[in-house]
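Notes for the one structure printed next.
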Amino acid sequence: MARAGRLFVVALLVLVVVLLAFALTPQGRGVLSSPSAFVKDTVSLGQRIVHWPVRKFEELVDRLREAGHLYEENRALRAALDRSLDLAAENERLRRENAALREALGLLPSPRDVRLIPAEVVGRNFEAWYRIVTINRGSLDGVGVGMAVRTPRGLVGVVESLAPHSADVRLLTDPEPRRRVSVRIQSEPPVYGVLDGYDADHRAYRVSMVPLGAKLEAGQAAVTSGLGGVLAPEIPVGTVQEFRAAEDGLTLTVWLRPAQDLYDLNMLFVVARTDLRGEGGGP
């Protein structure tokens with residue numbers, strides 16, 4: 010009985026081996042048995058499951074590396090663009106400054122006893138556009154309170170306050186100037202008056218204290234008289250536009266068309282008198 014049992018076990022093992030051999034043997038060219046195919050598919054699926062996150066991680070790393078390169082490239086391009094814009098702005102500033110200087114060389118006279126101090130407008134408030142500007146020259150540059158400030162075409166204002174390297178200039182278009190300017194109208198004979206403000210209705214400077222009998226004509230030039238203070242003489246102010254008897258009945262009020270449009274001011278010149286010392290102002 011025991012012997013028969015052992016024979017049965019041996020026979021069963023032989024059968025299992027035969028079946029496994031049959032199952033693992035290719036059945037036809039290129040065709041796997043069902044168990045082999047199952048094992049192969051299972052292994053392949055496992056490989057895909059293992060490699061998918063690895064592949065995605067590698068793709069993420071590549072994208073981050075590419076993004077880093079793009080960021081560095083964009084930053085370099087922005088820096089280059091900023092430098093280009095800065096250079097363009099500086100070139101435009103220098104172009105305008107050179108144009109103003111060339112114009113000055115051709116139009117500015119060279120009177121004795123004055124020194125021209127080139128200055129650039131560095132500050133202008135929209136709320137006080139026609140009242141005051143700030144220039145980049147101050148007391149250490151030889152600028153003094155009361156000095157005339159002009160362009161090649163003519164007077165634009167008077168220095169009002171100082172700092173070592175800057176100054177505020179009160180423009181002639183201020184309707185209520187703090188300093189009056191003595192002018193000489195080049196009539197025959199010449200007559201004198203005081204520029205005491207800007208008349209917005211006439212769009213012209215208002216000059217008072219002109220003698221009633223003055224022989225005036227439209228288009229006559231008016232210049233600074235140089236009488237009193239440190240305001241240099243012979244600076245163009247404007248031309249006679251209109252005149253009429255003042256309310257006192259003893260003098261004329263004259264309106265002058267400005268020699269210089271004060272809307273766009275960039276390059277200016279402070280006119281320092283070398284024949285005077287100290288500060289002052291007024292006619």
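Numbering (our numbering), first residue to last: 10 to 292.
The beta carbon of each residue, even a glycine, is placed where N, CA and C say it ideally should be.
Pull up the distance between the alpha-carbon of E99 and that of E106, whole angstroms please.
By 1-based counting over the sequence shown, the position of residue 99 is 90. By 1-based counting over the sequence shown, the position of residue 106 is 97. Distance between the alpha carbons of E99 and E106 is about 10 Å.
Classify S191 as buried or exposed, calling it buried when 16 or more other Cβ atoms lie within 10 Å of its own Cβ.
The residue labelled residue 191 in the question sits at position 182 within the sequence shown. Flag for S191 reads buried.
Looking only at its own chain, which residues have a Cβ that is under 6 Å from the Cβ of E185, when we skip the five neighbours before and after it?
For the purposes of this step, residue 185 is taken as residue 176 along the sequence shown, with counting starting at 1. Nothing meets the Cβ criterion.
Taking only three categories from DSSP, how would you classify A223?
Residue mapping note: residue 223 aligns to position 214 of the sequence shown, counting from 1. In this structure, A223 counts as coil in the three-state DSSP scheme.
Between D183, L171, N134, which lies nearest to D208 when the distance is taken from Cα to Cα?
Stepping through the sequence shown from its first residue, residue 208 is reached at position 199. For the residues D183, L171, N134, the minimum Cα distance to D208 belongs to D183.
How is the beta strand (DSSP E) around S175 delimited, first residue to last?
Here residue 175 is taken as the residue at index 166 of the sequence shown, counted from 1. Start and end: 175-180.
Taking DSSP as the reference, what is the three-state secondary structure of L171?
Here residue 171 is taken as the residue at index 162 of the sequence shown, counted from 1. In this structure, L171 counts as strand in the three-state DSSP scheme.
So, at 7 Å on beta carbons, what are the nonlocal neighbours of A230 in its own chain, with the 5 sequence-adjacent residues on each side left out?
Locating residue 230 in the sequence shown gives position 221, where the first residue counts as 1. So the qualifying residues of the chain are Q195, P245, T248.
Just curious, the beta strand (DSSP E) that D205 is in, first and last residue?
Reading the sequence shown from its first residue, position 196 is the one you call residue 205. D205 -> beta strand (DSSP E) spans 200-208.
Would you identify the three-state DSSP class for W138, choosing helix, strand or coil?
Counted from its first residue, the sequence shown places residue 138 at position 129. Coil at W138, not helix or strand.
Considering just the uninterrupted stretch of the beta strand (DSSP E) at T283, what are its terminal residues?
Along the sequence shown, read from residue 1 onward, the residue named residue 283 stands at position 274. First-last for T283: undefined, no H or E at that position.
CA-CA distance, L125 and V216?
Translated into the one-based positions of the sequence shown, residue 125 becomes position 116. Translated into the one-based positions of the sequence shown, residue 216 becomes position 207. About 26 Å.
Could you have a look at V192 and say whether DSSP puts it in helix, strand or coil?
What you label residue 192 is simply residue 183 of the sequence shown in a count that begins at 1. Reduced to three states, the DSSP call for V192 is strand.
In chain order, what residues of the same chain lie with their CB nearer than 7 Å to the CB of L180, ignoring the 5 residues before and after it?
As a first step, residue 180 is located in the sequence shown; it is residue number 171 there, counting from the start. If we look at L180 and ignore the five residues flanking it on each side, its Cβ neighbours are Y139, R140, I141, V142, V165, G166, L271.
Is there contact here, the stretch 157-177 with the stretch 273-283, by at least three beta-carbon pairs under 8 Å?
Taking 8 Å as the limit for Cβ pairs, the verdict is that the stretch 273-283 does touch the stretch 157-177.
Out of G132, D91, E81, G202, which has the shortest C-alpha to C-alpha gap to L236?
Taking the sequence shown and counting its residues from 1, the one referred to as residue 236 is at position 227. Comparing Cα positions, the closest option is G202.
Less than 8 Å between the CB atoms is what I'm expecting for G147 and L171, so what's the real figure, rounded?
By 1-based counting over the sequence shown, the position of residue 147 is 138. By 1-based counting over the sequence shown, the position of residue 171 is 162. At roughly 5 Å, the Cβ-Cβ gap stays under 8 Å, so G147 and L171 are in contact.
Please state whether DSSP places E243 in a helix, a strand or coil.
Within the sequence shown, numbered from 1, the residue matching residue 243 stands at position 234. E243 falls in the coil class under three-state DSSP.
Nearest to V130 by CA position, among V178, G153, V123, V154, is which residue?
Translated into the one-based positions of the sequence shown, residue 130 becomes position 121. Nearest of V178, G153, V123, V154 to V130, Cα basis: V178.
How would you label L204, buried or exposed, when you count the other beta carbons within 10 angstroms and need 16 or more for buried?
Counting from 1 along the sequence shown, the entry for residue 204 is found at position 195. Flag for L204 reads buried.
Measuring straight from C-alpha to C-alpha, what distance separates I144 and S93?
Looking up residue 144 in the sequence shown gives position 135. Looking up residue 93 in the sequence shown gives position 84. Spanning the two alpha carbons is a distance of roughly 26 Å.
Hey, how far is the Cα of R188 from the Cα of A89?
As a working note, residue 188 is residue 179 in the sequence shown. As a working note, residue 89 is residue 80 in the sequence shown. Going by the C-alpha atoms only, they are around 48 Å apart.
Identify every residue that forms a DSSP beta bridge with W264.
Counting from one through the sequence shown, the residue named residue 264 turns up at place 255. For W264, which the question treats as bridged, DSSP gives the partners R215, E251.
When the distance is taken between beta carbons, is A128 closer than 8 Å to A241?
As a working note, residue 241 is residue 232 in the sequence shown. As a working note, residue 128 is residue 119 in the sequence shown. Contact flag unset, no.
Measure the C-alpha to C-alpha separation of G290 and R84 and round it to an integer number of angstroms.
As a position in the sequence shown, residue 290 is number 281, starting the count at 1. As a position in the sequence shown, residue 84 is number 75, starting the count at 1. Confidence at G290 is low in this model, with a pLDDT of 39, below 50, so the placement of that residue is unreliable and no value is reported for it.
For P127, report the span of its beta strand (DSSP E) as first-last.
Locating residue 127 in the sequence shown gives position 118, where the first residue counts as 1. P127 -> beta strand (DSSP E) spans 123-132.
What do you get for E288, buried or exposed, if any count of 16 or more other CB atoms within 10 angstroms of its CB means buried?
Numbered from 1 along the sequence shown, position 279 holds the residue referred to as residue 288. Low per-residue confidence applies at E288: pLDDT is 39, beneath 50, and the placement is therefore not dependable, though the value from the model is reported in the following sentence. With fewer than 16 other Cβ atoms within 10 Å, it is exposed.
Hey, would you say A268 sits closer than 8 Å to Q250, going by beta carbons?
The residue labelled residue 268 in the question sits at position 259 within the sequence shown. The residue labelled residue 250 in the question sits at position 241 within the sequence shown. Contact flag unset, no.
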